[in-house]
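Protein chains in written order, with my numbering: chain X, 1 to 311; chain R, 312 to 622. Cβ atoms here follow ideal geometry from the backbone N, Cα and C, with glycine treated the same way.
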């Protein structure tokens with residue numbers, strides 16, 4: 001198989017795109033496609049200050065790499081959840097993010113949950129009812145809260161996350177299986193700012209997990225290969241397996257599912273009147289926007305005195 | 312396992328409903344539930360004249376059985392597609408329908424495609440471009456055309472089909488995977504009459520294939536066990552397998568998927584403005600309603616002189 005661009009030996013062959021490329025042109029293709037998606041979905045401009053939420057995984061670190069390649073002003077934030085204790089999952093992930101930031105001479109905010117709130121994510125999970133049932137939702141809530149905090153404190157214009165096509169398609173699949181109207185209406189490569197929330201965008205939403213793994217490998221992006229120990233058995237992994245099966249039987253199915261959804265939504269399939277009916281105001285504890293009366297979901301989850309956001 | 316109603320030995324245990332029943336109470340439960348769905352979705356009343364489309368399979372013959380049990384005025388129509396020649400699939404299916412109608416002393420219309428149009432469905436498939444790609448769509452189009460014809464000629468109020476939950480969920484799954492907006496908006500247990508089309512309803516839409524097979528078996532309904540030879544490898548069968556896998560891992564998933572869709576639709580998830588934009592008029596050849604200019608899709612499929620609807 002030869003590279004379509006230069007004719008040298010191809011390093012990667014993408015069945016779903018009917019496209020084979022060598023290492024150099026693959027990295028170039030991913031970057032150019034990312035730039036195309038950033039512009040297509042009006043995610044951000046070269047004049048805006050970007051905060052990349054990095055986890056140490058292949059997607060977010062590759063995303064940071066791509067944005068720097070494309071000349072964007074992108075700084076990072078790593079949220080240290082304290083998973084696995086000393087030398088564990090979180091520490092190893094943090095070190096990879098720090099190495100990346102040093103190598104590229106870019107600022108990385110490290111937000112240590114234990115230091116800020118007195119507890120690791122595991123401890124929060126154990127004493128909150130949310131954590132008993134859905135450990136991943138505790139992380140999600142915490143990360144959203146912290147990202148919003150950093151954006152506000154450091155005046156970033158946009159939060160950029162490394163969600164790839166597999167992530168987006170799995171969430172869409174789950175929301176479709178249960179016809180979760182509000183989530184379907186909100187799912188988008190761009191969540192605009194408003195009501196005190198920062199704009200959030202997902203430039204990798206059209207690349208599969210495999211494509212991003214190939215980018216990290218060929219681009220020399222060092223990342224943590226192991227999965228988060230809490231993710232095992234999660235519904236997201238289960239839906240990803242189902243989608244991989246559909247993809248295996250019909251290459252391109254995953255991307256089609258996601259893109260047809262975006263197109264149908266743009267063409268007015270859904271009734272927009274259902275949105276924006278919730279009133280948003282400041283949490284009485286942390287001041288972040290919430291639809292709850294009184295404390296926001298994050299502060300409720302703690303449900304006890306904590307140090308507060310000193311960051 | 313004991314019958315929940317009478318305490319005798321249960322014949323069937325439905326994990327997804329957490330319900331075990333004996334033979335007598337199972338037949339009773341299916342009938343009562345069917346009556347409940349007929350009323351809930353306002354399908355038809357005891358004063359209306361019902362035409363049941365029977366194929367010889369477990370679903371449609373069981374449906375006819377249930378409707379008669381419930382005291383409805385239900386007559387049948389069997390569309391003989393001429394599959395498998397003499398003694399073949401269609402002939403055996405027809406005989407089972409005729410036996411049922413005689414046993415219950417109910418009228419059965421037998422509509423012979425070859426006799427009426429000069430060709431079997433296989434011949435139509437072979438010379439139509441539609442048939443080359445999607446054999447099932449040739450049958451679907453033909454059946455819809457004939458059902459509409461019988462309803463108009465014999466003044467029935469409603470066409471009743473035996474689509475079960477597996478059928479409905481598979482169609483919904485396929486339409487969702489491709490976000491086929493128009494199909495999603497139209498999918499419903501009741502398609503109201505209008506524009507010259509008869510009302511069409513699906514009273515079994517909430518029963519799984521297994522539940523219907525159990526009804527036929529326990530109720531002594533004789534049906535053709537083999538699948539249509541053309542159905543092999545169809546996308547519907549593939550989507551049913553995926554849904555069965557989801558159901559196996561999470562009992563009730565299939566029903567939830569379908570019911571949550573109906574609920575979301577009722578609650579206004581979809582924008583209704585997209586519907587009813589098509590103008591409907593009479594086909595210049597057969598007079599049946601169509602959105603095409605000139606001939607309807609059925610007459611175009613033939614695209615040559617045929618005897619016409621002499622039925």
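Please confirm if residue i has its CB atom under 8 Å from at least one CB of chain R.
i	result
residue 269 of chain X	yes
residue 176 of chain X	yes
residue 242 of chain X	yes
residue 16 of chain X	no
residue 310 of chain X	Because residue 310 of chain X sits at a pLDDT of 47, beneath the cut-off of 50, its placement in the model cannot be relied upon, and the point is left open.
Would you call the CB atoms of residue i and residue j closer than 8 Å?
i	j	result
residue 484 of chain R	residue 553 of chain R	yes
residue 303 of chain R	residue 526 of chain R	Past the edges of chain R, shown from 312 to 622, lies residue 303 of chain R, and the structure says nothing about it.
residue 160 of chain X	residue 109 of chain X	no
residue 567 of chain R	residue 26 of chain X	no
residue 195 of chain X	residue 135 of chain X	no
residue 355 of chain R	residue 469 of chain R	yes
residue 58 of chain X	residue 198 of chain X	no
residue 332 of chain R	residue 347 of chain R	no
residue 365 of chain R	residue 408 of chain R	yes
residue 473 of chain R	residue 342 of chain R	no
residue 18 of chain X	residue 156 of chain X	no
residue 189 of chain X	residue 205 of chain X	yes
residue 70 of chain X	residue 34 of chain X	yes
residue 168 of chain X	residue 258 of chain X	yes
residue 313 of chain R	residue 319 of chain R	yes
residue 537 of chain R	residue 383 of chain R	no
residue 100 of chain X	residue 64 of chain X	yes
Rounded C-beta distance between residue i and residue j? I'm assuming under 8 Å.
i	j	result
residue 271 of chain X	residue 581 of chain R	6 Å
residue 431 of chain R	residue 609 of chain R	The pair is not a contact, with the Cβ atoms about 16 Å apart (cut-off 8 Å).
residue 367 of chain R	residue 404 of chain R	3 Å
residue 209 of chain X	residue 164 of chain X	5 Å
residue 590 of chain R	residue 606 of chain R	Going by Cβ atoms, the distance from residue 590 of chain R to residue 606 of chain R rounds to 16 Å, so no, they are not a contact pair.
residue 325 of chain R	residue 564 of chain R	Not confirmed; about 14 Å, so no contact.
residue 264 of chain X	residue 492 of chain R	5 Å
residue 146 of chain X	residue 111 of chain X	5 Å
residue 418 of chain R	residue 386 of chain R	4 Å
So is residue i in contact with chain X if we call contact Cβ pairs under 8 Å?
i	result
residue 360 of chain R	no
residue 616 of chain R	Because the pLDDT at residue 616 of chain R is just 41, under 50, the model does not fix this residue reliably, and the point stays unresolved.
residue 568 of chain R	yes
residue 609 of chain R	no
residue 572 of chain R	yes
residue 559 of chain R	no
residue 352 of chain R	no
residue 544 of chain R	no
Where does the unbroken alpha helix (DSSP H) through residue i begin, and where does it stop?
i	result
residue 510 of chain R	Note, residue 510 of chain R: premise wrong, no alpha helix (DSSP H); beta strand (DSSP E) at 510–512.
residue 409 of chain R	400–414
residue 108 of chain X	First-last for residue 108 of chain X: 108–112, but that is the beta strand (DSSP E), not the alpha helix (DSSP H).
residue 23 of chain X	23–40
residue 171 of chain X	165–177
residue 525 of chain R	520–530
residue 560 of chain R	546–560
residue 121 of chain X	121–127
residue 535 of chain R	Taken as a continuous stretch (DSSP letters only), residue 535 of chain R belongs to no alpha helix (DSSP H), as it is neither H nor E.
residue 148 of chain X	135–154
residue 612 of chain R	608–613
residue 570 of chain R	564–577
Using a C-beta to C-beta distance shorter than 8 Å, which residues of chain A count as neighbours of residue i?
i	result
residue 181 of chain X	Given the protein chain composition of this structure (X and R), no chain A is represented.
Considering residue i, what are the terminal residues of the beta strand (DSSP E) in which it resides?
i	result
residue 51 of chain X	49–54
residue 387 of chain R	384–391
residue 323 of chain R	323–325
residue 159 of chain X	158–160
contact_flag[the stretch 76–86 of chain X, the stretch 108–124 of chain X] where n(CB pairs < 8 Å) is 3 or more: yes
Touch test, the stretch 139–159 of chain X against the stretch 208–222 of chain X, Cβ-Cβ under 8 Å, three pairs minimum: no
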